[in-house]
Ligand code: ATP
Ligand code: MG
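In my numbering, the protein residues as written are 1 to 294.
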């Protein structure tokens with residue numbers, strides 16, 4: 001067996017994330033899950049003879065097709081372990097926080113040095129973005145959805161508090177959303193561009209996730225909400241929403257470089273023969289790591 005390589009795999013509902021550890025360096029890779037046969041072919045070809053650990057909702061499914069010595073790890077445990085390591089190098093001063101993982105769906109965890117608890121979850125997530133965007137606009141491509149969302153305006157689709165309290169001072173800030181998508185029904189003659197619809201979908205998902213995350217943070221006495229997941233990786237509009245709306249809810253938003261690889265990192269960290277201090281060094285200089293994306 002080639003002992004110089006270690007690989008952590010996070011097989012999620014939409015994407016398979018891989019982190020390779022080789023000669024003191026980390027390499028990252030993402031594959032689209034929908035085309036499972038291609039992924040399997042890739043895994044078989046590339047990972048033969050390497051130390052592997054797999055996590056994620058689809059871990060069992062892929063595990064059957066991987067070398068028999070491949071380790072398995074529970075998804076939440078791996079995600080929190082990896083995120084804790086990333087936090088230690090990127091925000092070493094923060095000892096407990098809320099981790100919001102915006103994957104296909106969204107799971108919310110309380111994480112501290114010694115423990116991690118799954119605190120909440122919500123069916124709104126990256127999968128909702130893809131599914132609703134496809135239903136409403138016919139667009140299936142992630143990059144097109146992201147680009148349209150960034151160009152669009154929500155004001156012709158969402159009802160704000162001020163829209164309802166016309167001419168009167170509202171009891172809460174007027175710019176807040178009173179009802180996502182409600183204007184589309186109330187003013188049925190208006191045309192809504194594809195971009196506006198995509199922006200409204202992102203708005204609904206982002207606001208809901210932030211609202212729940214901030215409540216969970218309050219419940220656990222935390223100030224910081226750390227957002228991870230591939231839904232955020234190039235979706236600057238969603239990221240901006242989380243960045244702006246979280247302080248509105250009284251909490252501090254944080255984003256982790258390589259946060260979407262938390263699960264795969266966590267899985268990697270449990271493999272035998274990894275020098276923990278070299279791994280820590282590699283985490284700290286992550287920006288120099290090679291990123292092989294798609
Ligand atoms: P879960 O953790 O819920 O099982 P997952 O681990 O597959 O799912 P992530 O990889 O964190 O979830 O995020 C998946 C989301 O990332 C998709 O729903 C989509 O919004 C977004 N995404 C980013 N890039 C792509 C891409 N190339 N193709 C499809 N979705 C993408
Ligand atoms: Mg996931």
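Backbone N, C-alpha and C define an ideal beta-carbon position, used for all residues, glycine too.
In the DSSP assignment, residue 252 forms a beta bridge with 224.
Judged by their CB atoms, residue 53 and residue 30 are not nearer to each other than the 7 Å cut-off. Residue 252 places its beta carbon less than 7 Å from that of residue 223.
Under DSSP, the beta-bridge partners assigned to residue 20 are 7, 27. The region 50-70 makes no contact with the region 189-207; the number of CB pairs closer than 8 Å stays below 3. DSSP places residue 13 in the coil class of the three-state scheme, outside both helix and strand.
DSSP places residue 239 in the helix class (H, G or I) of the three-state scheme. With respect to residue 184, residue 98 sits apart: the two C-beta atoms are not nearer than 7 Å. In this structure, residue 229 lies away from residue 33, with their beta-carbon atoms at least 7 Å apart. Straight-line measurement puts the Cα of residue 273 at about 26 Å from the Cα of residue 112.
A contact is defined here as three or more CB-CB pairs under 8 Å, and the region 163-175 fails this definition with respect to the region 193-204. Between the region 259-273 and the region 241-248, the count of Cβ pairs shorter than 8 Å is below three; the stretches do not touch.
Residue 266 is a Cβ neighbour of residue 81, given a cutoff of 7 Å.
For residue 123, the shortest C-beta to heavy atom distance toward ligand 2 is 6 Å or greater. Distance from the Cα of residue 42 is smallest, within the candidate group 56, 24, 18, 58, for 18. In terms of Cβ geometry, residue 7 and residue 50 form a close pair [threshold 7 Å]. Of the candidates 150, 121, 91, 90, 121 places its Cα closest to the Cα of residue 105. Under the three-state reduction of DSSP output, residue 110 falls in the strand class. When the Cα atoms are used, residue 258 and residue 91 turn out to be separated by approximately 13 Å. Straight through space, the alpha carbons of residue 79 and residue 203 are spaced by roughly 26 Å. Residue 127 and residue 57 do not touch by the CB rule: their CB atoms are close to 12 Å apart, not below 8 Å. Separation of residue 125 and residue 281 (C-alpha to C-alpha, rounded to the nearest whole angstrom) is 33 Å. At least one heavy atom of ligand 1 falls within 6 Å of the beta-carbon of residue 260.
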